[in-house]
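Below: one structure, written as structure tokens.
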Amino acid sequence: MRWTKLSKNVIVYICCIFFKFKYNYQNLIIYEAIMRYSDYIKSVHFKHKSISYNLLTKKGSDNQKIKVSGQQAFNLIKPYCSSRIFEQMKAVIPLALYLVLFQFFVLQYPVQDFLALLGGLIAVILGLAVFMEGLSTGLMPFGTIIGDNLPKKASMIVVLIIIGILGVGVTFAEPAIGALQAFGSSVDVNKAPYLYEILNNWTFPLVLMVGAGVGIAAIIGTIRFVKGWSLKPLIYLTIAPVIVLTIFAWFDPNLRSILGLAWDCGAVTTGPVTVPLVLSLGIGIANAAGKGDSSLSGFGVVTMASLFPIMAVLILALFVSYTVSPEQIIESAKNMPTVVASDKSILEQTPFVEIILGVRAILPLVIFLMFVLFIILKSSLPNRLITVYGLVLSIVGMCIFNIGLTYGLGAIGTQTGGILPAAFMSIPISDVSPIYSEIVGFVIVIVFAFLLGFGATLAEPALNALGITVQNLTNGAFKKSMLMYSVSIGVATGISLGIAKLIFSIDLATILLPLYAIGLILTFFSSEEFVNVGWDSAGVTTGPVTVPLVLAMGLGLGNAVSATEGFGILSLASICPIIAVLTMGIIIQIKNKFSQNEDYANSIDPNLVTEKEL
């Protein structure tokens, strides 16, 4: 058998040499098929079983427990903890320092409640470190196991129903979703009654509708994985009703204030919980169906998870507008009794309210995943203790992060946004305002917003991972640094436009709709590869640090300049990187086309070209 295989290989090798010599002798062009290294690895890898080293070692009767001192235990745990904390410090500390220094030196305004702010930022760092570790060790194994086994033990309808329910659950578990609930009280009911009503009295339906949008996106994304559909038609079909609803709300003066919230919800949903968990499920199902061999199979779900929540929130706003009138909302807000901190129960006060919200966000998702795994699939976790450890970390991390959001990110963002107009106009809280002339002040604020967006995006760990992936998928044509700078510049431009929108009281639709029109045109002329990467690139910019900070800053700035609402910055920060990446992709396509034409022309032997061909 071995000699038979060897002889076949020898014959094939000799034939290849012969034909190559023949073709070279005739001066013909040989086109070589190019295969990505990632695809090669997927094609040649073999499934293998792992065995623990402990099973190979003989257990003696004289085994004794190893005694570890406190110092030795600390030395063992220190690298494990420090690496995870340091990763979050790189994202939080530079942004916080930038805001504090800008506020103190440029805006000439001291930082208020510094100790509480410092404690909140520390809580954010610790909370995110603990939560992300719990996510990778606790929640992600559920997604991997369920994604690999669900198609084998359930019908496609059951699979899609579970995926949809899971989409709703992960939305509640997103750290940034709490930012929407926290900023509801800052909206002026007289200027934006429907926005006030949704954020204060329809909070649960709001999150539920956003989750329903993510669930529908997860279902469509899974079907796309299995069927191998192109992303372009799905983008056109999804954006069309979103734009129609946007235009309808734009022409209604009462619903116009909802647009910023609706489009920002698309950015809030693509966080560290939704994307990896839903993506792992979708790719696992695609692999089980034998349709996961494409190197681009993982792209596209972020795009769908960004667009469908926008549609869902706009539909909710229409429903609320038919349920209650603006006059009723304003009257109800006036008659609502003022609740002081002393009248609240202990469970309604900090930090217990943040802890309850953290448990409420993670625990239902965990219970549902356990139900699917143990009841429907009748499977078990391979490392149960480690998974339970990760789930506990997820809940604890979410609780700590919520406390940090209240006293850290939300506080510094609101504070900076509130004092930002002092650069170009007189405001009550600043005795030296306006600090600069109107034109100079505008320029300073726009530059501040640009640098904030650029630095915050460049510090996102997900962007670095996306850059490496794209570089591998494009065979080095789209380099990691090129993608990272394209996305960062796009986000910075979007945040600058959002700040300008608030300062000059520009309707969001007048900026957003033309930008999306440009994005759709670029999509039409872009290859499928760059469309997948470009539209998903916006998702990496909306991390758990950037979203609450930008939201708080926008609302603080909106209140300071008496804007109707402070939402809309995140939506502009999402479309601009899409345009930037698609533009770079088209430039690379054109460059590669010219390069191929030059290589083809140089490969032709002029002695073999006839006069007719010339």
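Numbered by our numbering, the letters in the sequence shown go through residues 5 to 618 in order.
Note that beta-carbon positions come from the ideal geometry of N, C-alpha and C, so glycine has one too.
Item                                                                                                                                                                                  : Value
Go to P518, then tell me how far its alpha helix (DSSP H) extends in each direction, as first and last residue.                                                                       : L512 to F529
Tell me which same chain residues have a C-beta within less than 8 Å of the C-beta of I89, skipping the five on either side of it?                                                    : I129, L130 and A133
How big is the Cα-Cα spacing for F50 and K156?                                                                                                                                        : With a pLDDT of 46 at F50, under the threshold of 50, the predicted position of this residue should be treated as unreliable, though the coordinate-derived value follows. Distance between the alpha carbons of F50 and K156: 20 Å.
Can you list, in chain order, the residues of its chain with a C-beta nearer than 8 Å to that of F108? Leave out the 5 residues immediately preceding and following it.               : P114 and V115
Around the Cβ of G232, are there at least 16 other Cβ atoms within 10 angstroms (buried) or fewer (exposed)?                                                                          : exposed
Would you report the Cα separation of I223 and S159, rounded to the nearest angstrom?                                                                                                 : 14 Å
CB-CB under 7 Å to V400, same chain, minus the five flanking residues each way: which ones, in chain order?                                                                           : V134
Let me know the secondary structure DSSP gives I433 once reduced to three states.                                                                                                     : coil
Do L462 and S492 have their C-beta atoms closer together than 8 Å?                                                                                                                    : yes
Near G264, which residues of its chain fall below 6 Å by C-beta distance, leaving aside the five closest residues on each side in sequence?                                           : L512, E569, F571 and G572
Give every residue of the same chain whose Cβ lies closer than 7 Å to the Cβ of K483, excluding the five residues on either side of it in the sequence, and list them in chain order. : Q475
Rounded to whole angstroms, what's the CA-CA distance from V211 to T175? Just pull it up for me.                                                                                      : 7 Å
Determine the DSSP secondary structure at A158, reduced to helix, strand or coil.                                                                                                     : coil
Report yes if the C-beta of G362 is less than 7 Å from at least one heavy atom of the ligand PLP; otherwise report no.                                                                : The model on display carries no ligand, and the ligand PLP is accordingly not part of it.
Shortest alpha-carbon distance to T587 belongs to which of L487, L516 and L517?                                                                                                       : L487
Rounded to whole angstroms, what's the CA-CA distance from F452 to L164? Just pull it up for me.                                                                                      : 45 Å
Restricting to runs no shorter than 4 residues, where is the alpha helix (DSSP H) found entirely within the stretch 311-388?                                                          : 330-339 and 356-374
Let me know the alpha helix (DSSP H) ranges lying completely inside the stretch 546-605, each 4 residues or longer, listed in chain order.                                            : 550-564
Between the stretch 408-418 and the stretch 551-562, can you find at least three pairs of beta-carbon atoms closer than 8 Å?                                                          : yes
CB G459 to CB M315, shorter than 8 Å?                                                                                                                                                 : no
Specify, as a first and last residue, the run of the alpha helix (DSSP H) that F508 falls within.                                                                                     : No alpha helix (DSSP H) holds F508; DSSP gives it neither H nor E.
Flag this pair as yes or no: are the beta carbons of L311 and T250 separated by less than 8 Å?                                                                                        : no
Quick check: the Cα distance between N258 and G138, rounded to an integer number of angstroms?                                                                                        : 43 Å
Let me make sure I understand the geometry here. Which of I499, I380 and S430 has the alpha-carbon closest to that of I166?                                                           : I380
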